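Trainee: Sending over a structure as structure tokens; questions will come in a sec.
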Amino acid sequence: MKRALFPLIFLALITSCKTSSLMIDVLRPADINLPGDIRTLAVVNRSLPSKEAEVNNLVEGIITGEGLLADRLGSRACVTGFADALQSSPRFRVVVPDIELEGTGTDRMPPLLEWPVIDDICRQNGADALLSLETFDSNTGGVLFSILNQTPGQNLTIKVESGWRIYDPERKQLLDENIYIDHLNWDAPISGAGQSRQEVVERGGYYAGTQYAARISPSWGSVSRIFFKKGNRDFREAKRLVRMGMLDEAARLWETYIDHPNRKIAGYACYNMALISELRNDLEGALQWATRSYRQYRIRKAAEYMSILNYRIMQADVLDQQLME
């Protein structure tokens, strides 16, 4: 399966005397492979405690100073983050049933769900597999600070931990079990630290959901690339064209210099043609241009680019397998 790549391009703010940077979006393979017949996922929140356990959470919230609703709201944001991240997935469709299952309410994984429960949820929602947020827990700590002529505040650190499982009702298999841990830091005024903490737990939960989505599904991500802007007037003009998104016009300028008698200019032109090929999703062609830039003209940055392109070619093979019907 061939993947079209038409990335948004942004010139970076930091440039050197010879090069400029740009950002492109590339499709990255998932960390794990799920069976090809799994296309629709039902996602449920099982991280909430039982009624009895809520009393313990209340005590914990009083002792630690954490917002009492922080973990509840954070876990829901975690599910939302996962579902939102897969909206652009080239493979999966996500269904979020209006149910929440009882869990431990802590960072301790609960027993596996019973298969009849999994079967019912998947059947009612037309899903091929059930993805469950099994645990969600956050802990915070803070250090007081004050700044001259500013409101005293706290530097707060939060640890967000989310545990996930994927159940396959057809094969009666647990396809994945993973715990994601992240740490966040932020400053807040003392008077509003509680509200700020709750908001950050929600943001941390949402981010954790997006990260698990990237684990199981191909996802888009931004990467940095450089191109050579120094050489002559045409190279400077090509930089302007790139900024305007006129890549074909820039390529026509660079291509006229690939055999230039000045070896550096020729090498820079070949390197830039490699970038154009990558932007056109011609990774093999990009590798050929980068190889020529390095081997024929000894442009050292081209050797680094060759490694990047070889890695992307390997990723493309994995992507083809993951996106196959």
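Taking my numbering, the leading residue of the sequence shown gets 17, the next gets one more, and so forth.
Even glycine gets a Cβ: it sits at the ideal position worked out from N, Cα and C.
Bear in mind that the values here come from a model prediction, so they are computed numbers and not experimental data.
Between Ser293, Lys317, Gly225 and Gln140, which lies nearest to Gly329 when the distance is taken from Cα to Cα?
Mentor: Here residue 329 corresponds to residue number 313 of the sequence shown, with the count starting at 1. A quick correction: the sequence has Ile, not Gly, at residue 329. Closest option to Ile329, Cα to Cα, is Ser293.
Trainee: So what's Ala143 in DSSP terms, helix, strand or just coil?
Mentor: In the sequence shown, counting from the first residue as 1, residue 143 sits at position 127. It is coil, neither helix nor strand.
Trainee: Jot down the residue ranges of each uninterrupted beta strand (DSSP E) in the stretch 88-127, minimum 3 residues, whole runs only, in chain order.
Mentor: Runs of the beta strand (DSSP E) inside the stretch 88-127: 109-111 and 116-118.
Trainee: Compare the Cα-Cα distances from Arg231 to each of Phe243, Asn194 and Arg252 and report the closest residue.
Mentor: Counted from its first residue, the sequence shown places residue 231 at position 215. Checking every option, the nearest Cα to that of Arg231 belongs to Asn194.
Trainee: For Pro45, which residues from the same chain have a beta carbon less than 6 Å from its beta carbon, with the 5 sequence-adjacent residues on both sides left out?
Mentor: Taking the sequence shown and counting its residues from 1, the one referred to as residue 45 is at position 29. Closer than 6 Å at the Cβ level, and outside the excluded window around Pro45, lie Pro234, Gln331, Val334, Leu335 and Gln338.
Trainee: Excluding the 5 residues preceding and the 5 following Met322 in the sequence, name in chain order all residues of the same chain whose CB lies nearer than 7 Å to its CB.
Mentor: Here residue 322 refers to the residue found at position 306 when the sequence shown is read from its first residue. Leu303, Ala306, Thr307 and Tyr310, listed in sequence order.
Trainee: Excluding the 5 residues preceding and the 5 following Ala318 in the sequence, name in chain order all residues of the same chain whose CB lies nearer than 6 Å to its CB.
Mentor: Taking the sequence shown and counting its residues from 1, one reaches residue 318 at position 302. Same-chain partners within the cutoff: Tyr287, Ala306, Ser309 and Tyr310.
Trainee: Tell me the DSSP secondary structure of Gln214 in three-state form.
Mentor: To locate residue 214, count along the sequence shown from 1; it is residue 198. Gln214: helix per DSSP, three-state reduction.
Trainee: Would you say Ala318 reaches chain D, if we count a Cβ-Cβ gap shorter than 8 Å as a contact?
Mentor: Here chain D cannot be found, since the structure has a single protein chain.
Trainee: Closer than 6 Å by C-beta to Tyr313: which residues in its own chain qualify, once you throw out the five before and the five after it? Chain order, please.
Mentor: What you label residue 313 is simply residue 297 of the sequence shown in a count that begins at 1. Answer for Tyr313: Arg279, Ala282 and Gly283, listed in chain order.
Trainee: Are the stretch 143-153 and the stretch 115-132 touching, with three or more C-beta to C-beta distances below 8 Å?
Mentor: Counting Cβ pairs under 8 Å, three or more are found: they touch.
Trainee: Taking the beta carbon of Leu190 as the centre, do at least 16 other beta carbons fall within 10 Å, making it buried, or is it exposed?
Mentor: On the sequence shown, position 174 is the one that residue 190 refers to. Leu190 comes out exposed.
Trainee: Residues in the same chain with beta-carbon distance under 8 Å from Asn165, minus the five sequence neighbours each way, listed in chain order, please.
Mentor: In the sequence shown, residue 165 corresponds to position 149, counting from 1. Residue confidence for Asn165 is low, a pLDDT of 46 falling below 50, so the modelled location carries little weight; the figure read from the coordinates is stated next. So no residue of the chain qualifies.
Trainee: Use the C-beta contact count for Tyr273: other C-beta atoms within 10 angstroms, 16 or more gives buried, fewer gives exposed.
Mentor: Position 257 of the sequence shown, counting from 1, holds the residue named residue 273. Answer is buried; the Cβ neighbour count reaches 16.
Trainee: In three-state terms, what does DSSP make of Ile137?
Mentor: In the sequence shown, counting from the first residue as 1, residue 137 sits at position 121. The answer is helix: DSSP assigns Ile137 an H, G or I state.
Trainee: Counting Cβ pairs, one atom from each stretch, are 3 or more of them under 8 Å apart for the stretch 132-139 and the stretch 99-110?
Mentor: Flag = no, the stretch 132-139 and the stretch 99-110 do not touch.
Trainee: Residues in its own chain within less than 6 Å of Tyr222 by CB, not counting five upstream and five downstream?
Mentor: As a working note, residue 222 is residue 206 in the sequence shown. Same-chain partners within the cutoff: Ala93 and Gly97.
Trainee: What does the alpha-carbon distance come out to for the pair Ser37 and Arg256?
Mentor: Locating residue 37 in the sequence shown gives position 21, where the first residue counts as 1. Locating residue 256 in the sequence shown gives position 240, where the first residue counts as 1. The alpha-carbon atoms of Ser37 and Arg256 are separated by roughly 13 Å.
Trainee: So Glu177 and Ile197 are in contact, right, with Cβ under 8 Å, and what is the actual spacing, rounded?
Mentor: Here residue 177 corresponds to residue number 161 of the sequence shown, with the count starting at 1. Here residue 197 corresponds to residue number 181 of the sequence shown, with the count starting at 1. Indeed, because the Cβ distance is near 5 Å, the residues count as touching under 8 Å.
Trainee: Just to confirm my understanding: we take Ser107, look at its own chain, exclude 5 residues before and 5 after, and list those with CB closer than 8 Å. What are they?
Mentor: The sequence position of residue 107 within the sequence shown is 91, counting from 1. Correcting the residue type first, residue 107 is Arg in the shown sequence and not Ser. Here the set comprises Arg55, Ser233, Pro234, Gln338 and Leu339.
Trainee: What separation, rounded to the nearest whole angstrom, lies between the Cα atoms of Gly247 and Gly237?
Mentor: Indexing the sequence shown from 1 puts residue 247 at position 231. Indexing the sequence shown from 1 puts residue 237 at position 221. Roughly 31 Å between the two C-alpha positions.
Trainee: Considering only C-alpha positions, which residue in the set Ala86, Ala285, Gly119 and Leu50 is nearest to Gly179?
Mentor: Looking up residue 179 in the sequence shown gives position 163. Comparing Cα-Cα distances from Gly179 to each of Ala86, Ala285, Gly119 and Leu50, the minimum goes to Gly119.
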